[in-house]
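A.B. asks: Numbering (our numbering), first residue to last: 148 to 600.
All C-beta atoms in this analysis are idealised placements derived from N, C-alpha and C, irrespective of residue type, glycine included.
I have a structure I would like to understand better, so I am pasting it below and will then ask my questions one at a time.
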Amino acid sequence: MSTTNTARSDLTVDAGATSLLRFATAGSVDDGKSTLVGRLLHDSKSVLADQLEAVEHASRNRGQEAPDLALLTDGLRAEREQGITIDVAYRYFATPRRRFILADTPGHVQYTRNMVTGASTAELAVVLVDARNGVVEQTRRHAAVAALLRVPHVVLAVNKMDLVDYQESVFAAIAEEFTAYAGSLGVPEITAIPISALAGDNVVTPSSTMDWYGGPTVLEHLETVPVVADPSDDPARFPVQYVIRPQTAEHPDYRGYAGQIASGVLRVGDAVTVLPSGRTSTVEGIDALGQSVDVAWAPQSVTLRLADDLDVSRGDLIAPTAAAPSVTQDVEATVCHVADRPLTVGQRVLLKHTTRTVKAIVKEIPSRLTLDDLSQHPAPGELAANDIGRIVVRTAAPLALDAYAESRRTGSFLLIDPADGTTLTAGMAGTAFAEATADPAPQGAADDDGWDF
Numbered sequence: 148m149s150t151t152n153t154a155r156s157d158l159t160v161d162a163g164a165t166s167l168l169r170f171a172t173a174g175s176v177d178d179g180k181s182t183l184v185g186r187l188l189h190d191s192k193s194v195l196a197d198q199l200e201a202v203e204h205a206s207r208n209r210g211q212e213a214p215d216l217a218l219l220t221d222g223l224r225a226e227r228e229q230g231i232t233i234d235v236a237y238r239y240f241a242t243p244r245r246r247f248i249l250a251d252t253p254g255h256v257q258y259t260r261n262m263v264t265g266a267s268t269a270e271l272a273v274v275l276v277d278a279r280n281g282v283v284e285q286t287r288r289h290a291a292v293a294a295l296l297r298v299p300h301v302v303l304a305v306n307k308m309d310l311v312d313y314q315e316s317v318f319a320a321i322a323e324e325f326t327a328y329a330g331s332l333g334v335p336e337i338t339a340i341p342i343s344a345l346a347g348d349n350v351v352t353p354s355s356t357m358d359w360y361g362g363p364t365v366l367e368h369l370e371t372v373p374v375v376a377d378p379s380d381d382p383a384r385f386p387v388q389y390v391i392r393p394q395t396a397e398h399p400d401y402r403g404y405a406g407q408i409a410s411g412v413l414r415v416g417d418a419v420t421v422l423p424s425g426r427t428s429t430v431e432g433i434d435a436l437g438q439s440v441d442v443a444w445a446p447q448s449v450t451l452r453l454a455d456d457l458d459v460s461r462g463d464l465i466a467p468t469a470a471a472p473s474v475t476q477d478v479e480a481t482v483c484h485v486a487d488r489p490l491t492v493g494q495r496v497l498l499k500h501t502t503r504t505v506k507a508i509v510k511e512i513p514s515r516l517t518l519d520d521l522s523q524h525p526a527p528g529e530l531a532a533n534d535i536g537r538i539v540v541r542t543a544a545p546l547a548l549d550a551y552a553e554s555r556r557t558g559s560f561l562l563i564d565p566a567d568g569t570t571l572t573a574g575m576a577g578t579a580f581a582e583a584t585a586d587p588a589p590q591g592a593a594d595d596d597g598w599d600f
């Protein structure tokens with residue numbers, strides 16, 4: 148018990164040294180996302196010598212004297228030939244203060260779905276803006292996607308400040324416009340930083356040419372933004388992944404339920420409910436790493452033992468009886484369609500939620516969202532690739548589903564083609580956007596059909 152408490156205390160108190168930050172970069176085409184990521188990796192000394200040598204060689208072949216740091220993330224041949232980002236590029240690096248997983252997402256409109264993929268698990272999004280162009284249509288689109296996915300922290304990186312003579316007034320005007328727009332969508336925290344990714348200003352080291360800016364560099368903000376929350380703040384959710392029945396001479400009656408705690412804290416003695424059956428029991432034991440413990444918390448992988456022999460199988464959800472989610476067969480959600488073929492009313496799909504997969508049918512598509520101006524197109528009949536809209540799905544079996552606003556893990560799901568297993572749609576149960584924390588929605592913006600503007 149003392150070991151468990153010590154480990155948890157270290158995680159909470161010494162967050163700067165042990166925490167992991169997942170973040171994504173986004174922005175319009177040629178705003179400099181890949182260059183920023185390359186500069187971040189290069190200046191933080193997170194690039195291996197052979198990687199840098201390969202980039203220098205590729206840059207020379209393109210007639211460039213200095214290494215093009217964007218090539219550190221633009222790994223596909225098509226990306227390097229066109230000088231654009233197509234796929235989501237993941238990179239892992241660390242500083243003495245924190246570990247990072249970053250997703251460099253594409254800027255083109257037709258790859259909006261890839262931005263959804265990269266930001267779906269992100270705790271912070273870096274949205275780049277070209278200082279010469281200011282906030283453009285794609286900037287608004289990416290801000291809306293970040294708000295839709297409820298990314299808790301957004302950094303506005305006003306890039307290419309060297310091309311506008313490092314003028315404070317240019318940065319201030321862009322920051323004010325973006326903050327007002329993102330705030331109207333309910334983005335809870337926005338930090339604006341003026342940078343030059345090409346020259347390295349305010350990326351890792353402070354800029355000597357922008358002495359009017361007194362805030363953190365991009366890396367300083369990434370290292371210090373709070374991401375470690377107390378898991379006891381959220382209700383416990385335990386999707387069962389596997390039933391363990393060794394039936395050996397040493398463990399003739401052992402029955403355990405293995406999985407990863409999606410949220411919250413579970414303790415021996417907790418009264419729990421198994422969903423969707425609704426049967427109740429008590430946590431009799433928790434096994435972690437081959438040892439019995441009294442308490443476990445997200446995102447630990449553990450095995451639970453219950454006091455009663457219940458019919459529990461893969462896909463069931465174990466939750467505290469006092470804070471169990473509701474069970475439903477009618478799922479109302481906001482979705483981003485990621486497949487090339489459209490999603491249509493009446494289409495039969497598989498719905499994958501945590502470890503549970505059930506048959507389902509698309510009953511309604513009430514609206515499609517136009518991210519350019521946040522207007523709604525009612526009853527579109529179908530959703531094409533990159534479309535974001537509201538749907539109603541009827542499942543063949545009940546699901547224990549949280550609202551996405553309450554849990555990004557147990558409030559999200561995928562729609563899958565039953566014929567070939569292709570992922571069709573990424574879904575977020577419940578309402579779309581958080582309530583606005585800044586100015587109210589502009590006059591004329593619709594607030595019905597489940598959209599919260």
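Can you tell me where the alpha helix (DSSP H) holding Thr-292 begins and where it ends?
C.D. replies: By 1-based counting over the sequence shown, the position of residue 292 is 145. Sequence inspection shows Val at residue 292; the Thr mentioned does not correspond to that position. Note, Val-292: alpha helix (DSSP H), 284 to 295.
A.B. asks: Apart from the five residues on each side of it in sequence, which residues of its chain come closer than 6 Å, Cβ to Cβ, to Leu-167?
C.D. replies: Taking the first residue of the sequence shown as position 1, residue 167 is located at position 20. The residues are Arg-246.
A.B. asks: By how many angstroms is the C-alpha of Arg-260 removed from the C-alpha of Leu-516?
C.D. replies: Taking the first residue of the sequence shown as position 1, residue 516 is located at position 369. Taking the first residue of the sequence shown as position 1, residue 260 is located at position 113. If I take the Cα positions, the gap works out to 14 Å.
A.B. asks: Work out the CA separation of His-524 and Thr-570 for me, nearest whole Å.
C.D. replies: Working through the sequence shown from its first residue, we reach residue 570 at position 423. Working through the sequence shown from its first residue, we reach residue 524 at position 377. Cα-Cα distance, rounded: 24 Å.
A.B. asks: According to the Cβ coordinates, are Ile-512 and Gly-536 closer than 8 Å?
C.D. replies: Within the sequence shown, residue 512 is the residue found at index 365, counting from 1. Within the sequence shown, residue 536 is the residue found at index 389, counting from 1. The answer is yes: Cβ separation under 8 Å.
A.B. asks: Quick one, are the C-beta atoms of Val-615 and Val-301 less than 8 Å apart?
C.D. replies: Only positions 148 to 600 of the chain appear in the structure, and residue 615 is not among them; the question remains open.
A.B. asks: Is it true that the CB of Val-412 sits closer than 8 Å to the CB of Pro-386?
C.D. replies: Counted from its first residue, the sequence shown places residue 386 at position 239. Counted from its first residue, the sequence shown places residue 412 at position 265. Cβ distance not < 8 Å, so Pro-386 and Val-412 don't count as in contact.
A.B. asks: Tell me Phe-385's beta-bridge partners as DSSP assigns them.
C.D. replies: Counting from one through the sequence shown, the residue named residue 385 turns up at place 238. DSSP, once it has assigned bridges, lists Ile-465 as partnering Phe-385.
A.B. asks: Take the Cβ of Trp-444 as the centre, count every other Cβ of all protein chains shown within 10 Å, and call the residue buried at 16 or more, exposed below.
C.D. replies: The count along the sequence shown starts at 1 and reaches residue 444 at position 297. Classification for Trp-444: buried.
A.B. asks: Below 7 Å CB to CB, which residues in the same chain sit around Pro-489 once its five sequence neighbours on both sides are set aside?
C.D. replies: Reading the sequence shown from its first residue, position 342 is the one you call residue 489. Contacts found: Glu-529, Leu-530 and Ala-531.
A.B. asks: So, helix, strand or coil for Ala-560, using DSSP?
C.D. replies: Residue 560 sits at position 413 when you count from the first residue of the sequence shown. Looking at the sequence shown, residue 560 is not Ala but Phe. Three-state result, Phe-560: strand.
A.B. asks: Could you say which of Lys-307, Gln-285 and Arg-452 lies nearest to Ala-435 if we only look at CA atoms?
C.D. replies: What you label residue 435 is simply residue 288 of the sequence shown in a count that begins at 1. Residue Arg-452 is the option with its Cα nearest to Ala-435.
A.B. asks: Could you have a look at Met-262 and say whether DSSP puts it in helix, strand or coil?
C.D. replies: Here the question's residue 262 lines up with position 115 in the sequence shown. It is helical.
A.B. asks: Taking C-beta to C-beta, are Thr-286 and Ala-266 nearer than 8 Å?
C.D. replies: Sequence index remark: in the sequence shown, residue 286 carries index 139 (1-based). Sequence index remark: in the sequence shown, residue 266 carries index 119 (1-based). Contact flag unset, no.
A.B. asks: Take Asn-152 and list the residues in its own chain whose beta-carbon comes closer than 6 Å to its own, dropping the five residues that flank it on each side.
C.D. replies: Here residue 152 refers to the residue found at position 5 of the sequence shown. The predicted model places Asn-152 with a pLDDT of 38, which falls under 50 and marks its position as unreliable; any figure quoted below should be read in that light. Contacts found: none.
A.B. asks: Spatial neighbours of Ser-191 within its chain, please: C-beta separation below 7 Å, excluding the five flanking residues on both sides.
C.D. replies: For the purposes of this step, residue 191 is taken as residue 44 along the sequence shown, with counting starting at 1. Excluding positions up to five away in sequence, the list reads Phe-240, Thr-242, Val-351 and Leu-366.
A.B. asks: On a CA-only basis, which of His-289, Leu-310 and Arg-288 is nearest Gly-280? Give me that one, please.
C.D. replies: For the purposes of this step, residue 280 is taken as the residue at position 133 of the sequence shown. Residue identity differs from the one stated: residue 280 is Asn in this sequence, not Gly. Of the listed residues, the one whose Cα sits closest to Asn-280 is Leu-310.
A.B. asks: So, at 6 Å on beta carbons, what are the nonlocal neighbours of Phe-170 in its own chain, with the 5 sequence-adjacent residues on each side left out?
C.D. replies: Within the sequence shown, residue 170 is the residue found at index 23, counting from 1. The answer, listed in chain order, is Leu-249, Ala-269 and Leu-271.
A.B. asks: Alpha carbon to alpha carbon, how far is Leu-295 from Ala-579?
C.D. replies: As a first step, residue 295 is located in the sequence shown; it is residue number 148 there, counting from the start. As a first step, residue 579 is located in the sequence shown; it is residue number 432 there, counting from the start. If I take the Cα positions, the gap works out to 6 Å.
A.B. asks: Return helix, strand or coil for Pro-378, following the three-state DSSP convention.
C.D. replies: Translated into the one-based positions of the sequence shown, residue 378 becomes position 231. It is helical.
A.B. asks: By the 10 Å Cβ neighbour count, where 16 or more other Cβ atoms means buried, how is Gly-493 classified, buried or exposed?
C.D. replies: Counting from 1 along the sequence shown, the entry for residue 493 is found at position 346. With fewer than 16 other Cβ atoms within 10 Å, it is exposed.
A.B. asks: Under three-state DSSP, which class holds Ile-408?
C.D. replies: Within the sequence shown, numbered from 1, the residue matching residue 408 stands at position 261. Of the three classes helix, strand and coil, the one that applies to Ile-408 here is coil, per DSSP.
A.B. asks: If you draw a straight line from the C-alpha of Ala-329 to the C-alpha of Ala-293, how long is it?
C.D. replies: Mapped onto the sequence shown, residue 329 falls at position 182. Mapped onto the sequence shown, residue 293 falls at position 146. If you take the alpha carbons of Ala-329 and Ala-293, they lie about 9 Å apart.
A.B. asks: Quick check for students: name the residue ranges of the beta strand (DSSP E) that lie wholly in the region 473 to 499, counting only runs of 3 or more.
C.D. replies: Complete beta strand (DSSP E) runs here, min 3: 474 to 484.
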